[in-house]
Amino acid sequence: MSTEPAKAEDDAEGAMQREVIEQRIRTLAYYMWEQEGRQADRADEYYHRAREQLIAEAGAIANGRSGSPTRRSGR
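With my numbering applied, the sequence shown covers 2 to 76.
So, in structure tokens, the structure goes:
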């Protein structure tokens, strides 16, 4: 019995997940860029800020907290 088909499925699923994550980073970076006045020549900065924010949010979720770690509750 071969595990090759299962490995191929895992590889395809991993590639799809990476693509979804990449798109989320780019979308968030775009919104940051828009919000800050569409500043030229700062694409890398916005990309890295968006990536770090999503990593922080994923860590917060993994640790049992929901929402953005930078967002404060009004209570």
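By construction, the Cβ of each residue, glycine as well, lies at the ideal position given by its N, Cα and C atoms. Predicted, not measured: the structure shown is a model, and the values here were computed from it.
- Task: Write down the C-beta distance between Ala-59 and Tyr-48 rounded to the nearest angstrom, noting that I regard them as a contact closer than 8 Å.
- Result: That belief does not hold up - the Cβ atoms of Ala-59 and Tyr-48 are roughly 17 Å apart, past 8 Å.
- Can you tell me whether Ala-7 is buried or exposed, with buried defined as 16 or more other CB within 10 angstroms of its CB? exposed
- Assigned secondary structure, Glu-14 (DSSP; H/G/I helix, E/B strand, else coil): helix
- Item | Contacts around Ile-26, its chain only, beta-carbon distance under 7 Å, and the 5 residues preceding and following it disregarded | Tyr-48, Ala-51, Arg-52, Leu-55
- Query: Straight-line CA distance for Glu-37 to Arg-66?
  - Reply: 28 Å
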